[in-house]
Every structure is written in C-alpha cells, then in structure tokens.
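Number of protein chains: 2
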Amino acid sequence: MGRWEPDARGRLEEAALALYGERGFEQTTVAEIAQRAGLTERTFFRYFADKREVLFWGSGAFQELLVGTLTRAPDSTSPMDAVAAALEAAGALLEERREYSRQRHTVISSNGELRERELIKLATLASALAGALRERGVAEPAASLAAEAGIAVFRVAYVSWIAETDGRDLPRLIRDSLDDLRAVTAGGAAAD
Amino acid sequence: MGRWEPDARGRLEEAALALYGERGFEQTTVAEIAQRAGLTERTFFRYFADKREVLFWGSGAFQELLVGTLTRAPDSTSPMDAVAAALEAAGALLEERREYSRQRHTVISSNGELRERELIKLATLASALAGALRERGVAEPAASLAAEAGIAVFRVAYVSWIAETDGRDLPRLIRDSLDDLRAVTAGGAAAD
DNA sequence: GGGCTGATGTCAGTTGCTGACATCAGCATA
DNA sequence: TATGCTGATGTCAGCAACTGACATCAGCCC
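Chain order of the listed sequences is X and Z.
Note that the first sequence covers residues 52 to 243 in my numbering.
Note that the second sequence covers residues 52 to 243 in my numbering.
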C-alpha cells in the first residue's frame, strides 16, 4: 500500500464537480475542494493550473480522438466530411457518459468564467482540426473554415443533446446539424 | 472646470493598452494602470468589472451595430446574407481604426486570459445575431448555425486582415471568406 | 543502512477584487 | 448666504486565487 490514497487528481476532479454543483463555482473555495479530497490547496494547484481547469482535464484525450479520427479518414473524403467524421466519433465518446456530461454542462453554463474556459478549449480543438486538415493538403483558409464550421455544428448539436428534445443521440445530432448548416449556407452570392 | 480631469474611463483604457503592450498583461498591475491614469485602483474597478474588461468596453456598441444592421436588412435577404451584411458593416467600422485594432489584437493574442475574454465576446455576438434572426422569423437551429458560421467567417477574415497579406479591406475579406465557407460546405451527403 | 525520489505539506507573500465608509466641489434651493 | 444633497473619487480592511521556497517522509535502489 502506498503512502497516500491513490488517484489524487481524480479525487480532486470529483470533489470540485460536486461542490461546484452544490453551491456554485464562485461560492466554492479551492481550500474546500482540497479538504473534501483529503489534500491541501497547494496540491490542488500542482495538478490544475487554476480553479477552472479541474473541469477540463479530459479535453486533451478528446482532442487526440478528434485529430486521430480525422487523420485516419480516407484521402478521398472531403474536408468537411472528414471533420464531421471526427466530430461524430467524439460525440460517440460523450454519448457513453451522458449523465456526467449533463452535470458538467449545468455547472459550466451557469458561470461566465467557466464558459470562457470552455470556449477556449473549443477554439483549441478548432485549431487542432485545422492543422490536421492542412496535413492532409487542405489549403487555408479552407482548412480553418471547415474546422470552425465543424465546431459550430458541434456546439449546436451538443446543446440540443443536453436539452434532450428528442431521442436522437449525439452523433446523429451532429450529422443533422451539418445538414442544417449546409442548407443555411447554400445559395447566396457566388465569388466574382 | 470640473473637480476632476474629464474622461476617467478613456484615460484608464489608454493607460491599460499602453502598459499591456509595453510590459505584458500579467506583468502589469491594476494599481500601475490607475496610477498612470491619475486615479486609484478602486476607481479602475468601478469602471471595469475586471482587469481584462478594460480592453473590451467598445464591444457593446459593436454588437448594437451588428444587430441593427441585420434587423434593417430587407425581408427578402437570406439569413446568411443578412448576417454577412451585418458583419461587413461592423468590418467597415474596424477598418477606420486599423492601427488601434492591430495594437489591441497584438496584446490580446499574446495572453490566454485575454483570448478567453475575446472568445466569449464573440460568442455573445453570435447569440445576439441568432436572436435577431429569430426576430426575423428564422427557425432554430438555422438561426444559431447562420450566426455561428458568420462569426467563424468573421474570425478568419479578421486574422487575414491583421496579417495584411494583401491590400483587401476587412469588408472585402469577410465577403471572400463567406464565399470560401460556401465552397467548403457545399456538396457532401444530403439529409436522408 | 544510507541516500535518492517524488508526492505532499507548510508558510509567507503578491495581486485581483469587494464592501463599507469618508471626502468634497458643485449645484439647488430656502 | 447658508444649508444640504449628489456623485465621482479616495481610503482602508479583508478575502481568495495563485506562487515560490523549503520541509517531510514512505518506498525504493544500491
């Protein structure tokens, strides 16, 4: 048996999500989170750069899944469809943790600072997708636009998924949202 | 003559931008900004909610211009084109303050916290655009998707504008980016 | 046995940010 | 002219986020 209880990081994540949910993000101090996890405030800041980051630690793996899926798409796949395939794979991952995702989303959407952090994580994902598209030979600005549009599709689908207006699962909502985007951007003035 | 020097808010904005540019955002304390403006730290926080917000005070007027332009677009204009018209009008406003925009962008893009704040301002703009589209009778999720796609177009165009790769002005870059988006989303699997 | 390692704790300090209260020029009005 | 109100600013005390420096000590290697 080790000197300390195992999985300090996981305990901190769990304690933080619970406390943010119970009494709100601003009303929770880092000292309280650490105490609930049986650790000290200083240790919290060794695992997480700041009080918000504790809710976003999984985003690294999420990004790897996105980029990996995009990279493995057949060469013949169009940029937008490759992005969509990656988003659907990521969506399937979230689908497996629906209840956790709901709880986390409730906490994040009820606080401005947490929403800021979520937005920059999504922007980072968009950058990573754009980079992976460039690796496939897609030129700018097409790469960035496909990536940004993909993230927009994802956001809209994600919100619907959380709201659970119907029984569609997240990958399905992503497909449908992409179709909606195609409908809304279709037509219009062509380039001169 | 008044009891105090006029335009305290403007002096704080100016001092903050200068100091953030000279020594970086994190290396600048609010007390230093206030001192440079001939005021105290406490007064800074009466004008701005936090240390970042001092760079974003103009975003309210920006949003009003966007929404106003969108609202005034002819009823026959498609959602995406109405969004584009609003973005071009806003782009024309920025075009008039090119040097200031550059300086501000340099400061913001060199710091993560400031980028977060910028992202949430853009997300707020997207929400406002989506709301204005709904007022025009556009249903969800088309309204949100058109707004989000529009903001993506704007971001890509804005980055090009700052980079000044060629002589195109911002409204022009926005039009071109929208055409690029249309090209990249065109085709693909249709809804079943 | 002795020393090294790595996760954790302790402590002091800076800074962002807030609430409560004080100050005081200018204005209105008796 | 005296009196009192208003609103922008200042002063002060305090909390909490975050950081750097150093201490602790079980387990492991030699």
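For each residue, glycine too, the CB sits at the ideal point set by N, CA and C.
Cβ neighbours of residue i in the same chain (closer than 8 Å, five flanking residues each side left out)
| i | result |
| --- | --- |
| X/ALA135 | GLY201, VAL204, ILE225, ARG226, LEU229 |
| Z/ARG166 | ILE159, SER160 |
| X/VAL81 | GLU92, PHE95, PHE96, LYS102 |
| X/GLY75 | SER161, ASN162 |
Proximal residues of chain Z, C-beta to C-beta of residue i below 8 Å
| i | result |
| --- | --- |
| X/GLU215 | The premise fails here: X/GLU215 is roughly 15 Å from chain Z at the closest Cβ pair, so nothing lies under 8 Å. |
| X/ILE171 | GLY163, ARG166, GLU167, LEU170 |
Distance between residue j and residue i (C-alpha atoms, nearest Å)
| i | j | result |
| --- | --- | --- |
| Z/ARG60 | Z/TYR98 | 6 Å |
| Z/ALA194 | Z/VAL118 | 13 Å |
| Z/THR122 | Z/VAL189 | 12 Å |
| Z/GLN78 | Z/ILE84 | 11 Å |
| Z/LEU68 | Z/LEU180 | 28 Å |
| Z/ARG93 | X/LYS102 | 25 Å |
| X/GLU199 | X/ALA133 | 13 Å |
| X/MET131 | Z/GLN86 | 51 Å |
| Z/ARG219 | Z/ARG233 | 20 Å |
| X/GLU150 | X/GLU215 | 12 Å |
| X/LEU90 | X/ARG54 | 13 Å |
| Z/ARG62 | Z/ALA88 | 5 Å |
| X/GLU64 | Z/PHE113 | 38 Å |
| Z/ALA174 | X/VAL210 | 14 Å |
| Z/ASP217 | Z/GLU56 | 42 Å |
| X/GLY238 | X/THR128 | 23 Å |
| Z/GLU186 | Z/SER178 | 12 Å |
| X/ALA208 | Z/GLY182 | 18 Å |
| X/GLU147 | X/GLY72 | 21 Å |
| Z/GLU164 | X/GLU164 | 10 Å |
Neighbourhood of residue i by C-beta distance below 6 Å, restricted to the same chain and skipping five residues each side
| i | result |
| --- | --- |
| X/PRO222 | GLU139, GLY142, ALA143 |
| Z/ALA124 | ALA133, ALA136 |
| X/VAL235 | none |
Residue closest to residue i, alpha-carbon to alpha-carbon, out of the options
| i | options | result |
| --- | --- | --- |
| Z/SER110 | Z/GLY89, Z/LEU121, Z/THR79, Z/LEU145 | Z/LEU145 |
| X/ALA66 | X/GLU56, X/SER129, X/VAL105, X/THR175 | X/VAL105 |
| X/LEU176 | X/ARG187, X/GLU191, X/ALA197, X/GLY163 | X/ALA197 |
| Z/ASP126 | Z/ALA100, Z/LEU184, Z/ARG54, Z/GLU191 | Z/LEU184 |
| X/ARG206 | X/ALA237, X/LYS172, X/ARG187 | X/LYS172 |
| X/GLU169 | X/TRP108, X/GLY238, X/ARG62 | X/TRP108 |
Cutoff 7 Å; reference residue i; Cβ partners in own chain excluding five residues on either side
| i | result |
| --- | --- |
| X/LEU116 | ALA140, ALA141, LEU144 |
| X/ASP243 | Residue confidence is low: X/ASP243 scores 46 on pLDDT, short of 50, so the model does not pin down where it sits. No coordinate-derived value is stated. |
| X/ALA241 | Confidence at X/ALA241 is low in this model, with a pLDDT of 47, below 50, so its placement is unreliable and no value can be given for it. |
| Z/LEU70 | THR79, GLU83, ILE84, ARG87 |
| Z/ILE213 | ARG153, HIS156 |
| X/ALA100 | none |
Beta-carbon neighbours of residue i, restricted to chain Z and to distances below 7 Å
| i | result |
| --- | --- |
| X/SER195 | VAL207 |
| X/SER110 | Within 7 Å Cβ-Cβ: nothing; X/SER110 doesn't reach chain Z, min ~14 Å. |
| X/ALA203 | LEU196, GLU199, ALA200, ALA203 |
Integer Cβ distance of residue i from residue j, believed to fall under 8 Å
| i | j | result |
| --- | --- | --- |
| X/THR157 | X/ALA137 | Going by Cβ atoms, the distance from X/THR157 to X/ALA137 rounds to 26 Å, so no, they are not a contact pair. |
| X/PRO192 | Z/ASP231 | 5 Å |
8 Å Cβ cut-off: residues of chain X touching residue i
| i | result |
| --- | --- |
| Z/LEU232 | LEU196, ALA200, THR236 |
| Z/ALA174 | ARG166, LEU170 |
| Z/SER228 | PRO192, LEU196 |
Residue i: contacting residues in chain X (beta-carbon distance under 9 Å)
| i | result |
| --- | --- |
| Z/SER160 | Those within 9 Å of Z/SER160 in chain X number zero; the least Cβ separation is about 12 Å. |
Closer than 9 Å at the beta carbon, the chain Z residues around residue i
| i | result |
| --- | --- |
| X/PRO125 | Neighbours of X/PRO125 on chain Z: none; closest Cβ ~14 Å, over 9 Å. |
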